[in-house]
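>
Protein chains: 2
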Amino acid sequence: MNQIKRVVIVGGTHGNELTGIHLIKKFERTPKLIERSSFESQTLLANPKAHGIGKRYVDTDLNRCFRRQDLSNYSLSSYEAQRAKVIYQTFGTGGRLEANFVVDLHSTTANMGLTIILGSKNSFNLRLAAYLSYVNPSVKVLYSPLRNEDSPYLDSICKLGCTIEVGAVAQGVLNARLFQQTEELVREVLDYLEAYNKGMPLEIGDSLIVYQYIQAIDYPRNESGEIRAMIHPQLQFQDYEALHPGDKMFLTFDGEEITYCSNSTGYPVFINEAAYYEKGIAMSITQPLKIEGANQELEFRI
Amino acid sequence: MNQIKRVVIVGGTHGNELTGIHLIKKFERTPKLIERSSFESQTLLANPKAHGIGKRYVDTDLNRCFRRQDLSNYSLSSYEAQRAKVIYQTFGTGGRLEANFVVDLHSTTANMGLTIILGSKNSFNLRLAAYLSYVNPSVKVLYSPLRNEDSPYLDSICKLGCTIEVGAVAQGVLNARLFQQTEELVREVLDYLEAYNKGMPLEIGDSLIVYQYIQAIDYPRNESGEIRAMIHPQLQFQDYEALHPGDKMFLTFDGEEITYCSNSTGYPVFINEAAYYEKGIAMSITQPLKIEGANQELEFRI
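Protein chains in written order, with my numbering: chain P, 709 to 1010; chain R, 709 to 1010.
See below:
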């Protein structure tokens, strides 16, 4: 593996997720916080116009604009489609400030604590995730299997990197504890990269749990497409907890309980994320995979 | 006191507060839930255009558009200024569906539980509040002293009525438990009005705590007006709890703690409400007033 030469730290990909936005502003005021001797650190406020109007996006979700075919499609002219092209042309392959590693800072109304979402499941990313969950056992690791070039997410601009997703926090709100914890995670990522570059990799645990995306579940809806149920109170804020077949999942507006219909236990995440109502996602079901031997050669064992 | 002849139940005054919006839709699907024998019940989705775009408002905050001088000012032409005129001309004094009582359903990202905000501190409203906190001791009662005709709030369209404010819940999110509790509060309000009309007033407690608005406190800001601190973790979600002089209040982005500077203990509410960042309000300080003899003649004793 080559050295990491340039890292880009991104906030405000969604304009109403204030944690990342104010962390980027802090790093820009105090660059020494993200400076390391062996690589260059860049910051990026990804969607300033959406931040200006206090919304997730102006025209369309910027964090769904990074598919390679879309980046090369000049007929896509929304604000975010254009912004994605500029970001990729700056920090992506061949860009003026081509980065080797990206970390994209997000927040969620779901109770996901400190979550690392891996853009790609290569062994570098997995070892980094193993390190972060080793130094902070409350860190959860999530992976959605999409080949990198098909990924619509901003973190696909580099082969290496991750998204940090923290919650529960409302859109448009700062939670000081989560702000501090996110800053600490960024510091740990940068320290890990620095040690790697110097040929002195930091110690990681010998196993790692990765929650792998299985399927999204939508809210029950009526014939007009309007939701007709809410997340069941017993499931609210229970991200990463086991959801067994038959467990309560939704509560209709009329008080009817709807249970989880499946052959196997799932582990839901993004439960009741505000931005996902319009995407037709009430939660995403994952399965935990234990990866053994992380310290030698990372291999999956299902 | 005359009979209550018409009640208007309002939701979606803010387009991203889903509790009230989905309760109004439920009441419109199942009108018998709000029907009572002695008065007529109307529902109102106050800002449908804001709900359509998933925002608090389109042009300006509808819940600041109801000052009498603004309602008669034809040069105010924002969507919400016009909407306020239509609402007042329909349900206000002399309107086609003039209402005697209004209940306006809101939610907040602050941890305010179930709060009744009194639009006006007349003895009818106070006795209703005393009833609601008697049947559900977790109900808190809040009052901001503004003469009715100067009030910018929607609930000023009637002399009698209140705003129901529930939280903590993120904007754009439904919390099933708070949805059910809000529905229950509306039912209790209607039952109280029905019993009053029938000359068989429901039993209320003999005292009532009203949290009276003292002052708003803004976030510490830099010379450009940008916030430079967050709600301190020890204060987050501590609405209605005593905040003593010297208690931790804010945490700057650089980790400096800022304490509460005052001569007396305050009781903050609306702590970290998302919609108030732009209004320059980090929280509102209140003082609890105990009102004795609620069952006879309500009188204030400070």
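Just so it is clear, CB atoms sit at the ideal spot from N, CA and C, and this is done for glycine as well. As the structure is a prediction and not an experimental result, all values here were calculated from the model.
How many Å lie between R:F1008 and R:V849 at the Cα?
Since pLDDT at R:F1008 reaches only 41, below the 50 mark, its modelled position is unreliable, and no value is offered.
> If we define contact as Cβ-Cβ less than 8 Å, is P:E924 a contact residue for chain R?
It should be pointed out that residue 924 of chain P corresponds to Ala in this sequence rather than to Glu. Cβ-Cβ to chain R under 8 Å: no for P:A924.
> For the pair the stretch 885-904 of chain P and the stretch 737-753 of chain P, tell me if three or more CB-CB distances fall below 8 Å.
yes
> With P:G821 and P:S852 assumed to form a contact (beta carbons below 8 Å), what rounded beta-carbon distance in angstroms separates them?
Their Cβ separation, rounded to whole angstroms, is 18 Å, which puts P:G821 and P:S852 out of contact at 8 Å.
> Check the C-beta distance from P:I925 over to P:A818 and give it rounded, since I have them as a contact under 8 Å.
That belief does not hold up - the Cβ atoms of P:I925 and P:A818 are roughly 13 Å apart, past 8 Å.
> Kindly indicate which three-state DSSP category R:R714 falls into: helix, strand or coil?
strand
> Three-state secondary structure (DSSP) at P:F945?
coil
> What's the gap between the Cα of P:I742 and the Cα of R:R791?
49 Å
> Classify R:I1010 as buried or exposed, calling it buried when 16 or more other Cβ atoms lie within 10 Å of its own Cβ.
Any reading at R:I1010 needs caution, since the residue's pLDDT is 33, under 50, leaving its predicted position unreliable; the model's value is listed next. Residue burial is scored here from C-beta neighbours: R:I1010 has fewer than 16 other C-beta atoms within 10 angstroms and is therefore classed as exposed.
> By Cβ distance, which residues of its chain are closer than 6 Å to R:E788, with the 5 residues on each side in sequence left out?
The answer, listed in chain order, is Y765, D767, T768, L770 and C773.
> Going along chain R, which residues have a C-beta under 7 Å from P:A878?
Chain R residues near P:A878: T817, A878, Q879 and A982.
> Determine the burial state of P:D863: buried for a count of at least 16 other Cβ atoms within 10 Å of its Cβ, exposed for fewer.
buried
> Starting from the beta carbon of R:K734, find every residue of chain P whose beta carbon is closer than 7 Å, and list them in chain order.
F961
> Suppose you measure from the CA of R:K740 to the CA of P:S780; what does that come to, to the nearest Å?
When rounded, the distance between both Cα atoms is 56 Å.
> If you follow the alpha helix (DSSP H) that P:I917 is in, where does it begin and where does it stop?
Not the alpha helix (DSSP H): P:I917 falls in the beta strand (DSSP E), residues S915 to I925.
> For P:H814, which three-state DSSP category applies?
Residue state, collapsed to three classes: strand.
> Below 8 Å between beta carbons: does that hold for P:I872 and P:V810?
no
> Going along the stretch 967-991 of chain R in order, which residues come within less than 9 Å of chain P, judged by CB to CB distance?
N980, E981, A982, A983, Y985 and E986
> What would DSSP say about P:Q797, mapped onto helix, strand or coil?
helix
> Could you please give me the residues that DSSP links to P:Y782 through a beta bridge?
Paired residue(s): none; P:Y782 is not in a bridge.
> R:Y919 and R:V977 - do their beta-carbons sit closer together than 8 Å?
yes
> Candidates P:L916, P:D778, P:I935 and P:R936: which alpha carbon is nearest P:P996's?
P:L916
> What does R:Q944 touch in chain P if you count any residue whose Cβ is under 8 Å from its own?
N883, A884 and R885
> Across the stretch 907-916 of chain R and the stretch 720-738 of chain R, are there enough close Cβ pairs to call them in contact, namely three or more that are closer than 8 Å?
no
> Can you tell me whether P:G907 is helix, strand or coil according to DSSP?
coil
> Mind listing, in chain order, the continuous beta strand (DSSP E) runs of no fewer than 3 residues lying wholly within the stretch 940-988 of chain P?
956-960, 965-967 and 975-977
> From which residue to which residue does the beta strand (DSSP E) around R:S852 run?
From DSSP, R:S852 is part of no beta strand (DSSP E); its letter is neither H nor E.
> Just to check my reading of the structure: P:T960 and P:A876 have Cβ atoms closer than 8 Å, yes? What is that Cβ distance to the nearest angstrom?
23 Å between Cβ atoms; not a contact.
> P:D947: buried (16+ other C-beta within 10 angstroms of its C-beta) or exposed?
In the assembly as shown, P:D947 is a buried residue. Its beta-carbon has 16 or more other beta-carbons within 10 Å.
> Quick one: what does DSSP say P:P845 is sitting in, helix, strand or coil?
Three-state DSSP puts P:P845 in coil, outside helix and strand.
> Rounded to a whole number of angstroms, what is the C-alpha to C-alpha distance between R:Q750 and P:C969?
39 Å
> Counting only beta-carbon separations shorter than 8 Å, does R:H940 have a partner in chain P?
yes
> Can you tell which of P:G762, P:E806 and P:G760 has the C-alpha that lies nearest to the C-alpha of P:I717?
Measuring from the Cα of P:I717, the nearest candidate turns out to be P:E806.
> Per DSSP, P:G760 forms a beta bridge with which residues?
According to DSSP, P:G760 bridges with nothing at all.
> So P:H759 contacts chain R; which residues on that side make the cut at Cβ distance below 9 Å?
By Cβ distance, chain R contributes nothing, its closest Cβ being about 12 Å from P:H759, past 9 Å.
> Kindly indicate which residue of R:G800, R:D914, R:P860 and R:R929 has the alpha-carbon position closest to the one of R:R835.
R:D914
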